[in-house]
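Colleague: Quick note on numbering: full-length UniProt numbering labels position 415 of the sequence shown as 415, and the sequence is numbered without any gaps.
Yeah, the Cβ is synthetic: ideal placement off N, Cα and C, and Gly gets one too.
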Amino acid sequence: MRDFLRSETSSGFILLLSGALALAVANSPWAPAYRGTLETTIFGLSVLHWINDGLMALFFVMVGLEIKRELLVGHLQSKSARILPSVAALGGMAVPALVYVALNWHEPVGLHGWAIPAATDIAFSLGVLSLFGSRVPVSLKVFLTALAIIDDLGAIIIIALFYTSKLSLLMLGLAAVVLALLAALNLAGVRRLWPYLLLGVALWFFTLKSGVHATIAGVLLALMIPLQGKDGDSDEASSPLHRLEHNLHPWSAYLVLPVFGFANSGISLTGVSWQSFFAPVPLGIAAGLFLGKQAGVFGGAWLAIKLGLARRPARTSWLQLYGVALVCGIGFTMSLFIGLLAFKGRPDLEDAMKLGVLAGSMLSIMAGAAVFALSGRPPSGVRSEVDRQREAGQVVQPLVGADQPPERGVLVAHVEGGDAKSLGAVDQPMDREIDQAQEPEPRRGRQH
1 MRDFLRSETS
11 SGFILLLSGA
21 LALAVANSPW
31 APAYRGTLET
41 TIFGLSVLHW
51 INDGLMALFF
61 VMVGLEIKRE
71 LLVGHLQSKS
81 ARILPSVAAL
91 GGMAVPALVY
101 VALNWHEPVG
111 LHGWAIPAAT
121 DIAFSLGVLS
131 LFGSRVPVSL
141 KVFLTALAII
151 DDLGAIIIIA
161 LFYTSKLSLL
171 MLGLAAVVLA
181 LLAALNLAGV
191 RRLWPYLLLG
201 VALWFFTLKS
211 GVHATIAGVL
221 LALMIPLQGK
231 DGDSDEASSP
241 LHRLEHNLHP
251 WSAYLVLPVF
261 GFANSGISLT
271 GVSWQSFFAP
281 VPLGIAAGLF
291 LGKQAGVFGG
301 AWLAIKLGLA
311 RRPARTSWLQ
321 LYGVALVCGI
331 GFTMSLFIGL
341 LAFKGRPDLE
351 DAMKLGVLAG
361 SMLSIMAGAA
371 VFALSGRPPS
381 GVRSEVDRQR
391 EAGQVVQPLV
401 GADQPPERGV
411 LVAHVEGGDA
421 KSLGAVDQPM
431 DREIDQAQEP
441 EPRRGRQH
C-alpha cells in the first residue's frame, strides 16, 4: 500500500504535466504536427485509436488487478470496511450524472455523455492530497483509494452496458471461448503468467472486433489471474496477481496514463470564450464534477455515518472528509475516456467535453487544496482507536471506519501472558496506519 500511494501520487503529477503540455502544443505552431501524428494510420487504426483502445487496455488490467486484490486480501475484504467508500462512491456517481442530465435535458446528443462526470481520477486525487503531507491522515488516503477503486468498477460496468456499439456475435463468442480458457487455467492451478498474457492478447483482439470496448478485455483478464501461489500463499513473492501488478504498475502509471493524457488533452483554445463554458455539455460536465461530486460523495458518507452504517476514517474531521469529496471531482483520465466514447465522431462535442472536464477538474483541485490548507494537522501523539484496540488485544478494524464495532467471533491480535504484542513503532505513524489499513481479514478458529 505504501508503494501504491507513492507511485499514484507521482503519477498524478506526471499526468498533470502531460495534460498541460498537450494544451500548450495544441495552441502552438506545432499543432498541425500534433494532430497529424495522432491521425496517422498503423495497421488499420490511427495512433489515437491504438492509444485509447490498446495502451489503455493495460491501464484497465491494472484496475482489474487492484479491484480483485482489494476485495480478496485488501482493505475492502470485510463487509464493514466496504460500506463507507461504497456508499460514498455510489453517491459520487449518481449525483454528478443527475446534474449533467438536468443541464442537458433538451440536448438529445448531449445526453449521451451523462456518465462523463461520474468518474474519479485516483492518480490526480492522491497527488493533490500529497501536497499537504501530514495534514492529510493516511486513513483519508486509504478511504480515497477504496472509493476510487469502487468508482472505477462502476465506470467499467457503465462502459460495458452503455457505450458498446453494434455487437458481432461471432467475435463475442470467440471472446467468450478465450475467457473460458483463462478460467480453466485458473482452476487447473496454472501459476505461470505467460499463458494468461498470451490468451489475454487474443481476448483483447476478439473483444475489439466484437463491438464491446476493447479495454473491458483488460479487466476480464485481470480477474482471471490467480491470487494465490503454488503453496496457497497470497504474499507478494509467490502470488501471480501481485507479481503482475508490481511489474505492470510502473508502465501504467508512467507511460500509459501520461501518453493518454497527452494524446487526449490537446484542445485548441482559438475562439474559446467564457460563453463556451456555459454551453450545455461543458457546463453539465463541469457542474457535475465540481458540484455533483462533492455533494454525492460527502452526502453519501455523511448519511452512512449518521445512520450508523459506518464511522468516519480514523483521526479525521468532517472538514477533511469534505476536502476528499472535493478532490473526487478531479475526473480527467476516466472522464476523458468515457467522453471520447460518448461523442465518438463528433469533434465539436469532443472539444466541448474536454473543456468541461478541464474546468470541473481544475475547480475541484483548487477548492480541495483550499480546504486542506485550512484544515489542521491530525493531532500528533494522539493514538487512534485502532492503536488502543491493538494494544488491548482486541479486534482491529480496517482503517476506513476504524472505530466500528468489531465483528463477532473475530480475533486478530496475538496475546501471550495477557499482554498484547507490540505491532508498530510509535515513531512510524504513517507506516503503522498503512499496515493497519492492510490488516487481512482474520481467520476464525485457532491462532498460530
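1) Residues bridged to Ser-46 by DSSP?
2) Which same chain residues, not among the five before or five after Glu-39, have their C-beta less than 8 angstroms away from its C-beta?
3) Run the CB neighbour count on Met-366, radius 10 Å, all protein chains shown included, and call it buried at 16 or more, exposed below.
4) Confirm, please, whether the CB-CB distance from Gly-288 to Gly-360 is below 8 angstroms.
5) Taking only runs of the alpha helix (DSSP H) that begin and end inside the region 213–291, which ones reach a length of at least 4 residues, in chain order?
6) Could you compute how far the alpha carbon of Phe-206 sits from the alpha carbon of Arg-346?
7) For Lys-344, does the three-state DSSP call read helix, strand or coil?
8) Exposed or buried, what is Trp-114 when buried is set at 16 or more other beta-carbons lying within 10 Å of its beta-carbon?
9) Can at least three beta-carbon pairs, one atom from the region 84–92 and one from the region 285–305, be found at a separation below 8 angstroms?
10) Out of curiosity, what's the CA-to-CA distance linking Gly-229 and Ala-263?
11) Between which two residues does the alpha helix (DSSP H) holding Lys-315 run?
12) Give the single residue among Ile-330, Trp-204, Met-353 whose Cα lies nearest to the Cα of Leu-55.
13) Could you pull out every residue in the same chain whose Cβ sits closer than 6 angstroms to the Cβ of Ala-286, ignoring the five residues on either side in sequence?
14) What does a CB cutoff of less than 7 angstroms around Leu-199 pick up in its chain, not counting 5 residues either side in sequence?
15) I'd like the list of long-range same chain contacts for Leu-90, defined as Cβ closer than 7 angstroms, with 5 residues on each side in sequence excluded.
16) I'd like the list of long-range same chain contacts for Asp-53, defined as Cβ closer than 8 angstroms, with 5 residues on each side in sequence excluded.
17) I need the straight-line Cα distance from Thr-316 to Leu-140, nearest angstrom please.
18) Can you give me the C-alpha to C-alpha distance between Ile-67 and Asp-348, rounded to a whole angstrom?
19) Measuring only the C-alpha atoms, how far is Leu-283 from Phe-277?
20) Within the same chain, show all residues whose beta-carbon is closer than 6 angstroms to that of Asp-151, passing over the 5 residues directly before and after it, in chain order.
21) Is Lys-166 helix, strand or coil when you go by DSSP?
22) Considering only the alpha carbon of each residue, which of Asn-27, Gly-292, Arg-311, Ala-155 lies closest to Ala-342?
23) Classify Pro-240: buried if its beta carbon has 16 or more other beta carbons within 10 angstroms, exposed otherwise.
24) Out of Ala-24, Ala-176, Gly-211, Leu-319, state which residue places its alpha-carbon closest to the alpha-carbon of Leu-167.
25) Nearest CA to the CA of Ala-97: which residue from Ala-176, Pro-108, Ala-118?
26) Residues in its own chain within less than 7 angstroms of Leu-321 by CB, not counting five upstream and five downstream?
27) Going by DSSP, what residue range makes up the alpha helix (DSSP H) through Glu-107?
28) Out of Val-256, Ala-148, His-112, Pro-195, state which residue places its alpha-carbon closest to the alpha-carbon of Leu-340.
29) Would DSSP call Val-395 helix, strand or coil?
30) If you compare alpha carbons, which of Met-334, Asp-351, Met-353 is closest to Ser-122?
31) Could you tell me whether the Cβ of Leu-248 comes closer than 8 angstroms to any Cβ of chain B?
Modeller: Reading off the structure:
1) By 1-based counting over the sequence shown, the position of residue 46 is 46. DSSP output for Ser-46 lists Thr-41 as bridge partner(s).
2) One-based indexing of the sequence shown puts residue 39 at position 39. Cβ within range, chain order: Ser-46, Val-47, Leu-48.
3) The sequence position of residue 366 within the sequence shown is 366, counting from 1. Looking at its Cβ environment, which holds fewer than 16 other Cβ atoms inside 10 Å, Met-366 is exposed.
4) The residue given as residue 360 occupies position 360 in the sequence shown. The residue given as residue 288 occupies position 288 in the sequence shown. Yes, Cβ-Cβ distance for Gly-360 and Gly-288 is below 8 angstroms.
5) You should have 215–224, 240–251, 257–264, 280–287.
6) The count along the sequence shown starts at 1 and reaches residue 206 at position 206. The count along the sequence shown starts at 1 and reaches residue 346 at position 346. Cα-Cα distance, rounded: 26 angstroms.
7) Mapped onto the sequence shown, residue 344 falls at position 344. Reduced to three states, the DSSP call for Lys-344 is coil.
8) As a working note, residue 114 is residue 114 in the sequence shown. Counting every other CB atom within 10 Å of its CB across the protein chains shown gives Trp-114 a total of 16 or more, marking it as buried.
9) With a cut-off of 8 angstroms, the region 285–305 and the region 84–92 count as touching, because enough Cβ pairs lie within range.
10) In the sequence shown, counting from the first residue as 1, residue 229 sits at position 229. In the sequence shown, counting from the first residue as 1, residue 263 sits at position 263. Approximately 38 angstroms between the Cα atoms of the pair.
11) For the purposes of this step, residue 315 is taken as residue 315 along the sequence shown, with counting starting at 1. Per the sequence shown, the amino acid found at residue 315 is Arg instead of Lys. Careful: Arg-315 lies outside any alpha helix (DSSP H) and carries neither H nor E.
12) Residue numbering aside, residue 55 sits at position 55 when the sequence shown is read from its first letter. The shortest Cα separation from Leu-55 among Ile-330, Trp-204, Met-353 belongs to Trp-204.
13) Here residue 286 refers to the residue found at position 286 of the sequence shown. Contacts found: Gly-356, Ala-359, Gly-360.
14) The sequence position of residue 199 within the sequence shown is 199, counting from 1. Contacts found: Val-178, Leu-181, Leu-182.
15) The sequence position of residue 90 within the sequence shown is 90, counting from 1. Excluding positions up to five away in sequence, the list reads Gly-300.
16) Translated into positions along the sequence shown, residue 53 becomes position 53. Leu-45, Leu-208, His-213, Ala-214, Thr-215, listed in sequence order.
17) Against the sequence shown, residue 316 aligns to sequence position 316. Against the sequence shown, residue 140 aligns to sequence position 140. Rounded to whole angstroms, the separation of the alpha carbons of Leu-140 and Thr-316 is 7 angstroms.
18) Within the sequence shown, the letter at position 67 stands for residue 67. Within the sequence shown, the letter at position 348 stands for residue 348. Counting only the Cα atoms, Asp-348 lies some 35 angstroms from Ile-67.
19) Locating residue 283 in the sequence shown gives position 283, where the first residue counts as 1. Locating residue 277 in the sequence shown gives position 277, where the first residue counts as 1. Leu-283 and Phe-277: Cα-Cα distance of roughly 6 angstroms.
20) Position 151 of the sequence shown, counting from 1, holds the residue named residue 151. Closer than 6 angstroms at Cβ, skipping near neighbours: Ala-89, Thr-120.
21) Here residue 166 refers to the residue found at position 166 when the sequence shown is read from its first residue. Three-state result, Lys-166: coil.
22) The residue given as residue 342 occupies position 342 in the sequence shown. Per the C-alpha coordinates, the member of Asn-27, Gly-292, Arg-311, Ala-155 positioned closest to Ala-342 is Ala-155.
23) The sequence position of residue 240 within the sequence shown is 240, counting from 1. Of the residues assessed, Pro-240 falls on the buried side of the cut-off, its CB having 16 or more other CB atoms within 10 angstroms.
24) Residue mapping note: residue 167 aligns to position 167 of the sequence shown, counting from 1. Distance from the Cα of Leu-167 is smallest, within the candidate group Ala-24, Ala-176, Gly-211, Leu-319, for Gly-211.
25) Along the sequence shown, read from residue 1 onward, the residue named residue 97 stands at position 97. Comparing Cα-Cα distances from Ala-97 to each of Ala-176, Pro-108, Ala-118, the minimum goes to Ala-118.
26) What you label residue 321 is simply residue 321 of the sequence shown in a count that begins at 1. The residues are Phe-298, Ala-301, Arg-312.
27) Here residue 107 corresponds to residue number 107 of the sequence shown, with the count starting at 1. Looking at the DSSP string, Glu-107 is not in any alpha helix (DSSP H), and its letter there is neither H nor E.
28) The residue given as residue 340 occupies position 340 in the sequence shown. It is His-112 whose Cα lies nearest to the Cα of Leu-340.
29) The count along the sequence shown starts at 1 and reaches residue 395 at position 395. Confidence at Val-395 is low in this model, with a pLDDT of 44, below 50, so its placement is unreliable and the value that follows should be read with caution. For Val-395, the secondary structure class from DSSP, reduced to helix, strand or coil, is coil.
30) Counting from one through the sequence shown, the residue named residue 122 turns up at place 122. It should be noted that the sequence gives Ile, not Ser, for residue 122. Comparing Cα positions, the closest option is Met-334.
31) The structure shown has no chain B; it contains just one protein chain.
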